[in-house]
Amino acid sequence: VQLVESGGALAKPGESLRLSCAPSGNMFSLHAIGWYRQAPGEQRELLARITGSGTTTYKDSVKGRFAISRDNTDNTVYLQLNNLKPEDTAVYYCNTDLRAKRNLWGQGTQVTVSS
């Protein structure tokens, strides 16, 4: 399964964005999907993850502000970003566990938070 991220944009502090992750292959609903981000000069970090059955986990620093969800009929995983802060500026990626472990990544989608 290859994944395509979209929805990144320039936003002001306090605004919200919704990122989308769509697959280009089959059996998407079986895969756990994680949302990651990488800021300039920083390592890529896992922000949130959702299993095929909908169980979610979050990095502590984004709990309460970010929300991951999936629509298996629409074959899309979403990441809702609320109350954005300048430090959320990064390229955001989605990925399966296996592709992440193999260091295989898509293009990502840029989120820039600036007043």
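Per our numbering, the very first residue in the sequence shown carries number 96; after that it's consecutive.
Idealized CB from N, CA, C, for every residue including glycine.
When you compare each of the options to residue i by their alpha carbons, which one comes out closest?
| i | options | result |
| --- | --- | --- |
| LEU193 | GLU110, LEU105, HIS126, ALA106 | HIS126 |
| ARG144 | LEU179, VAL186, TYR131, PRO108 | TYR131 |
| ASP166 | ALA185, LEU141, PRO181, ILE128 | ILE128 |
| LEU142 | GLY159, GLY136, SER148 | GLY159 |
| SER101 | VAL208, GLY201, SER210 | GLY201 |
| GLU182 | GLY147, SER210, GLY149 | SER210 |
How would you label residue i, buried or exposed, when you count the other beta carbons within 10 angstroms and need 16 or more for buried?
| i | result |
| --- | --- |
| THR151 | exposed |
| ARG197 | exposed |
| LEU199 | exposed |
What are the start and end residues of the beta strand (DSSP E) that includes residue i?
| i | result |
| --- | --- |
| LEU141 | 140-145 |
| ARG194 | Careful: ARG194 lies outside any beta strand (DSSP E), inside the alpha helix (DSSP H) at 192-196. |
| GLN133 | 128-133 |
| ALA117 | 112-118 |
| GLN97 | First-last for GLN97: undefined, no H or E at that position. |
Could you check where the alpha helix (DSSP H) with residue i kicks off and where it finishes?
| i | result |
| --- | --- |
| ASP155 | Counting along the chain, ASP155 falls outside any alpha helix (DSSP H), and DSSP gives it neither H nor E. |
| LEU176 | Element bounds for LEU176: not the alpha helix (DSSP H) but the beta strand (DSSP E), 171-176. |
Which same chain residues end up closer than 6 Å to residue i when comparing Cβ atoms and leaving out the 5 residues on each side of it in sequence?
| i | result |
| --- | --- |
| ASP162 | This sequence places Ala at residue 162; Asp is not what is there. Taken in chain order, the residues that qualify are GLN175. |
| SER164 | TYR173 |
Apart from the five residues on each side of it in sequence, which residues of its chain come closer than 7 Å, Cβ to Cβ, to residue i?
| i | result |
| --- | --- |
| GLY109 | ASN178, LEU179 |
| ALA185 | ARG132, GLN133, ALA134, VAL206 |
**Report entry** Inter-stretch contact at 8 Å, needing at least 3 Cβ pairs: the region 167-184 / the region 101-120
**Finding:** yes
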